[in-house]
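Visitor: Below are the C-alpha coordinates for one structure; questions will follow.
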Amino acid sequence: MNGYLKFELIERKSKTAVYLVRSIHDGSDLGKISWFSHWRRYVFSPLEGTIFDSACLGEVKVFIDTLMKDREALK
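First residue of the sequence shown: 155, per our numbering; consecutive thereafter.
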(Lines of atoms letter the chains of each structure in order from A and count residues from 1; the text may use other names and numbers.)
(Lines give C-alpha, C1' and ligand atoms only; values in the text may rest on other atoms or scores of the structure.)
Protein backbone atom coordinates (compact mmCIF):
# COMPACT_ATOMS: atom_id res chain seq x y z
CA MET A 1 0.00 0.00 0.00
CA ASN A 2 1.30 3.42 -0.90
CA GLY A 3 0.96 6.40 1.35
CA TYR A 4 1.54 7.30 4.94
CA LEU A 5 -1.89 7.11 6.54
CA LYS A 6 -4.49 4.50 7.38
CA PHE A 7 -8.15 5.42 7.86
CA GLU A 8 -10.10 3.16 10.24
CA LEU A 9 -13.85 3.29 10.71
CA ILE A 10 -14.49 3.67 14.44
CA GLU A 11 -18.14 4.72 14.53
CA ARG A 12 -21.02 4.38 12.09
CA LYS A 13 -23.91 6.80 12.53
CA SER A 14 -27.21 6.88 10.62
CA LYS A 15 -25.91 9.08 7.79
CA THR A 16 -22.26 9.70 8.65
CA ALA A 17 -19.22 7.98 10.11
CA VAL A 18 -16.14 8.70 12.21
CA TYR A 19 -12.69 7.54 11.10
CA LEU A 20 -9.46 7.32 13.06
CA VAL A 21 -6.40 8.51 11.14
CA ARG A 22 -3.27 6.48 11.92
CA SER A 23 0.32 6.43 10.77
CA ILE A 24 1.16 3.42 8.62
CA HIS A 25 4.78 3.75 9.78
CA ASP A 26 4.27 3.23 13.52
CA GLY A 27 0.50 2.88 14.03
CA SER A 28 0.23 6.04 16.13
CA ASP A 29 -3.09 7.89 16.25
CA LEU A 30 -2.93 11.21 14.42
CA GLY A 31 -6.49 12.50 14.48
CA LYS A 32 -10.00 11.77 13.31
CA ILE A 33 -12.30 12.54 10.43
CA SER A 34 -15.91 13.23 11.34
CA TRP A 35 -19.00 15.07 10.17
CA PHE A 36 -19.16 18.78 11.07
CA SER A 37 -22.82 19.70 10.83
CA HIS A 38 -22.31 23.48 10.74
CA TRP A 39 -20.37 23.15 7.48
CA ARG A 40 -22.31 20.08 6.29
CA ARG A 41 -19.12 18.22 5.44
CA TYR A 42 -16.44 15.96 6.83
CA VAL A 43 -13.47 17.58 8.57
CA PHE A 44 -10.10 16.43 9.87
CA SER A 45 -9.35 17.08 13.55
CA PRO A 46 -5.66 16.41 14.23
CA LEU A 47 -4.49 15.39 17.69
CA GLU A 48 -2.46 17.95 19.61
CA GLY A 49 1.25 17.71 18.88
CA THR A 50 0.91 16.08 15.47
CA ILE A 51 2.48 17.58 12.37
CA PHE A 52 1.77 16.92 8.70
CA ASP A 53 3.45 17.62 5.40
CA SER A 54 1.65 18.25 2.13
CA ALA A 55 1.72 14.55 1.16
CA CYS A 56 -0.10 13.52 4.34
CA LEU A 57 -2.58 16.37 4.06
CA GLY A 58 -3.15 15.36 0.45
CA GLU A 59 -4.12 11.85 1.59
CA VAL A 60 -6.56 13.33 4.11
CA LYS A 61 -8.07 15.54 1.39
CA VAL A 62 -8.53 12.64 -1.03
CA PHE A 63 -10.18 10.54 1.70
CA ILE A 64 -12.56 13.36 2.70
CA ASP A 65 -13.39 14.06 -0.96
CA THR A 66 -14.27 10.38 -1.40
CA LEU A 67 -16.50 10.43 1.69
CA MET A 68 -18.30 13.50 0.35
CA LYS A 69 -18.81 11.93 -3.10
CA ASP A 70 -20.18 8.76 -1.51
CA ARG A 71 -22.54 10.83 0.64
CA GLU A 72 -23.79 12.78 -2.39
CA ALA A 73 -24.39 9.54 -4.28
CA LEU A 74 -26.78 8.37 -1.54
CA LYS A 75 -29.10 11.35 -2.02
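Ideal Cβ positions, reconstructed from N, Cα and C, are used throughout, including at glycine.
From this set, S199, N156, S191, H192, which residue's C-alpha is nearest L174's C-alpha?
Guide: On the sequence shown, position 20 is the one that residue 174 refers to. Answer by Cα proximity: S199.
Visitor: Applying the criterion that 16 or more other CB atoms from any shown protein chain within 10 Å of the CB defines a buried residue, is I164 buried or exposed?
Guide: Here residue 164 refers to the residue found at position 10 when the sequence shown is read from its first residue. It counts as exposed.
Visitor: Within 10 angstroms of its Cβ, does E213 collect 16 or more other Cβ (buried), or is it exposed?
Guide: Locating residue 213 in the sequence shown gives position 59, where the first residue counts as 1. Per the 10 Å Cβ criterion, buried.
Visitor: So is L228 buried or exposed if we call it buried at 16+ other beta carbons inside 10 Å?
Guide: Taking the sequence shown and counting its residues from 1, the one referred to as residue 228 is at position 74. With fewer than 16 other Cβ atoms within 10 Å, it is exposed.
Visitor: Could you give the first and the last residue of the continuous alpha helix (DSSP H) run that contains E226?
Guide: Along the sequence shown, read from residue 1 onward, the residue named residue 226 stands at position 72. First-last of the alpha helix (DSSP H) with E226: 208 to 227.
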